[in-house]
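Written out below as structure tokens is the structure these notes cover.
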Amino acid sequence: MNNANTRVVEMVVNGRTVTGSVPDRKLLCDFLREDLVLTGTHVGCEQGVCGACTVLIDNRPARSCLMFAVQADGRTITTIEGISSPDGSLHPVQRAFHENHALQCGFCTPGFVINSVAYLEQRDTSEPLSEDEVREHLSGSVCRCTGYTNIVRAVVQAAAEVDGQRAEGGGE
Amino acid sequence: MKPVPFVYHAPRSLDQAVSLLDELEGDVRVTAGGQSLIPMMNLRVVRPDHLVDLRYLDALSGIELTDTHLVVGATTTHRTIETSPLVRRVAPLLSEMASNIAHIPIRERGTIGGSVALADPTAEFPLAALMLDAEMTLSSVRGTRTVKADEFFHSALETELAEDEILTSLAFPLEANRGGSAFTEFSRRKGDFCVAGVAAVVRLRDGRYEAARIGLCGVSDRPVLSTIAGQLAGERADDATTNRIADAIADEIEPMIDGRATVADRRDIARTLVRRTLPVACERAAAIAQGGNR
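Note that the protein sequences, when read in sequence, are chains A and B. The C-terminal residue of the first sequence carries number 1230 in this note's numbering, and the numbering is unbroken. The C-terminal residue of the second sequence carries number 546 in this note's numbering, and the numbering is unbroken.
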């Protein structure tokens, strides 16, 4: 077997071009955590169920445990570390999580935040975001602490702000 | 857990890909979205020697309308199919079924070809293929052939696809999409593999069924079409007929036993799902008949 078989990969992570040498079987989440020391991406179930490892791949949410690092070659990745502004100020979703006490142990939080950021930036904003819609789109993330109520509240609050920003920013 | 070591291949053309399948020795797996295969690899249920990734084969991805068919490339993602205005217009059942698959991040990566080639008996797209008479195109170094959905699924995780073949596209005849359609499934938690699911496509005339097709997933080792549903033609489209056909289908199916539901449970669930699905399909068929379009 080619146990030692490694390959060079190059990708853009949080706006920075990075290269690495990885064995074919190395999962993207492990590359992010171990090689790039971006430990904000959490690894829970490793079978796509818990949602803690969710990152953005070319701006779309995806499980980093269900992709090999070699498959991310040439792609653009955003992790939880890349969500806040360069000056360190929180993204509206992060701030809403903080203000609404939408996290307790914090293990699942990066996945929830990434998922919500992607959704709020892409959804059809002709209607204000409803709690049902939030529950539907966050159904792929599991939290064992909060009972979800405050998470849903936080995302609805953040949506109002992100919708406003999108209305101002997107003239087209 | 982590997968066993394997060798990764990323061919740049379909020719290269089928040559790899022809030449490589051992357990060779094709991957596109990987949303079923990689969990199985992480659990070491699947231990491939080689992984052939279709990510660079752009020609395998996309949705196209011809005069007679909606042609969907095998590596088109569930999310693309779910949100495509074209699919919603000409094959609404396909987009409705897509929206029931797992969760958004999974749908962003998972592909229709992967779902159909895997042939999980509880999966949505194999049933969609069967319901809508999909014609699957399979390629290998030996050439290309087309297989109809009713011949494609052999049993759980077993299909007509040979070891050296790649599923490249699915063509859905527009004729099979005529009428009103609906899909409902039952799962313990949102997004889990369903215990059972029911799809219906019906055409109505003057309050009666002109044609009806009802199919189920999760009740057998492969997706199944109800034979009894064919008898709906000519019947009045009302609650009494719905209840009668729901009971008949619950008796007709031969559910498997697994850890998630007993035979009796599955019959009950199938009956309830038919009762929920058929009226929605009828309502949509009536709306189409009223609107006069198609």
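From the three backbone atoms N, C-alpha and C, an ideal C-beta is built for every residue, glycine too.
In DSSP terms, what residue i is bridged to
i         : result
B:ARG455  : B:ALA463
A:ARG1118 : A:ILE1115
B:ILE418  : B:SER391
A:HIS1195 : A:HIS1195 is not bridged to any residue.
A:PHE1155 : A:PHE1155 pairs with nothing; no bridge assigned.
B:HIS261  : B:VAL304
B:SER400  : Reading off the sequence shown, one finds Lys at residue 400 of chain B, where the question assumed Ser. B:LYS400 is bridged to B:GLU387.
B:ILE315  : B:VAL324
B:CYS469  : B:GLY449
B:GLU410  : B:SER407
B:ALA434  : B:ALA452
A:ARG1078 : Per the sequence presented here, residue 1078 of chain A reads as Gly, with Arg not at that position. BP columns for A:GLY1078 point to A:VAL1067.
B:ARG488  : B:ARG460
Exposed unless 16 or more other CB atoms sit within 10 angstroms - verdict on residue i
i         : result
B:VAL297  : exposed
B:LYS400  : exposed
B:CYS446  : buried
A:GLY1205 : exposed
A:GLY1229 : Legend: pLDDT at A:GLY1229 = 46, less than 50; position of this residue unreliable, value from coordinates given subsequently. Exposed is the call here.
B:ALA485  : exposed
B:ARG546  : Here B:ARG546 scores only 47 on pLDDT, less than 50, and its place in the model is too uncertain to base an answer on.
B:CYS469  : buried
B:CYS534  : buried
A:VAL1071 : buried
A:ASP1145 : exposed
B:ASP274  : exposed
A:GLU1226 : exposed
B:TYR308  : exposed
B:THR494  : buried
A:HIS1159 : exposed
B:PRO300  : buried
B:GLU277  : exposed
Beta-carbon neighbours of residue i, restricted to chain B and to distances below 7 Å
i         : result
A:VAL1128 : TYR260
A:SER1197 : HIS355, LYS442 and GLY443
A:ASN1072 : In chain order: nothing, as chain B lies at least about 18 Å away.
C-alpha gap between residue i and residue j, whole angstroms
i         : j         : result
A:LEU1096 : A:SER1079 : 16 Å
A:VAL1067 : B:MET292  : 24 Å
B:TYR260  : B:LEU384  : 35 Å
B:HIS321  : B:ILE418  : 21 Å
B:PRO507  : B:THR514  : 8 Å
A:GLY1073 : B:ALA269  : 32 Å
B:TYR461  : B:ARG519  : 24 Å
B:SER547  : B:ILE356  : This structure gives no information on residue 547 of chain B, because the portion of chain B shown stretches from 253 to 546.
A:ARG1091 : A:ILE1135 : 13 Å
B:PRO475  : B:PHE405  : 8 Å
A:SER1147 : B:SER347  : 39 Å
A:CYS1103 : B:ILE333  : 27 Å
B:ILE290  : B:ALA284  : 10 Å
B:VAL454  : B:LEU426  : 14 Å
A:CYS1201 : A:CYS1166 : 6 Å
B:GLY395  : B:MET349  : 31 Å
B:ARG457  : B:SER336  : 29 Å
B:ALA414  : B:VAL324  : 21 Å
B:SER472  : B:THR411  : 15 Å
A:ASN1060 : A:PRO1081 : Here A:ASN1060 scores only 46 on pLDDT, less than 50, and its place in the model should not be relied on; the value that follows carries that caveat. Roughly 9 Å separates the two Cα atoms.
B:SER265  : B:LEU303  : 15 Å
A:HIS1149 : A:SER1142 : 5 Å
A:LEU1196 : B:GLU487  : 42 Å
B:LEU422  : A:GLU1185 : 35 Å
A:GLN1223 : A:GLU1179 : 10 Å
Proximal residues of chain A, C-beta to C-beta of residue i below 7 Å
i        : result
B:GLN287 : GLY1106 and LEU1124
B:GLU360 : ARG1118, PRO1119 and ALA1120
Proximity winner among the options, relative to residue i (alpha-carbon distances)
i         : options                                       : result
A:ASP1131 : B:ALA262, B:ARG528 and B:THR494               : B:ALA262
B:ARG340  : B:ILE353, B:ILE315, B:ILE358 and B:ASP319     : B:ILE315
B:ASP490  : B:ALA451, B:VAL324, B:LEU530 and B:GLY366     : B:LEU530
A:ASP1190 : B:ILE466, B:ALA516, B:LYS442 and B:ILE290     : B:LYS442
A:THR1112 : B:PHE377, B:ARG359, B:ALA371 and B:LEU390     : B:ARG359
A:ALA1216 : A:ASP1182, A:HIS1156, A:SER1184 and A:SER1199 : A:HIS1156
B:ASP444  : B:GLY325, B:ARG488, B:GLU277 and B:SER351     : B:SER351
B:PRO373  : B:LEU272, B:SER439 and B:ALA448               : B:ALA448
B:ALA452  : B:PRO257, B:SER439, B:VAL471 and B:GLY432     : B:GLY432
B:ARG502  : B:LEU295, B:ILE466 and B:GLY365               : Just to set this straight, residue 502 of chain B is Ala in the shown sequence, not Arg. Ranking B:LEU295, B:ILE466 and B:GLY365 by Cα distance to B:ALA502 puts B:ILE466 first.
B:THR329  : B:ARG536, B:ALA537 and B:ALA354               : B:ALA354
B:LEU306  : B:LEU345, B:GLY366, B:LEU276 and B:ARG299     : B:GLY366
B:ASP499  : B:HIS302, B:LEU409 and B:ALA516               : B:ALA516
A:ILE1209 : A:ALA1176, A:GLY1222 and A:GLN1162            : A:GLN1162
A:THR1183 : A:ARG1211, A:CYS1203 and A:ASP1221            : A:ASP1221
Under 9 Å by beta carbon: chain B residues contacting residue i
i         : result
A:ASN1117 : Within 9 Å Cβ-Cβ: nothing; A:ASN1117 doesn't reach chain B, min ~10 Å.
Chain A residues whose Cβ lies nearer than 9 Å to that of residue i
i        : result
B:LEU295 : GLU1104 and GLN1105
Cross-chain neighbours of residue i in chain B, by beta carbon under 8 Å
i         : result
A:ASN1173 : ILE356 and PRO357
A:GLY1109 : HIS355 and PRO357
Partners in chain A for residue i, counting only beta-carbon separations shorter than 8 Å
i        : result
B:ASP458 : What B:ASP458 touches in chain A: nothing, since even the nearest Cβ is about 37 Å away.
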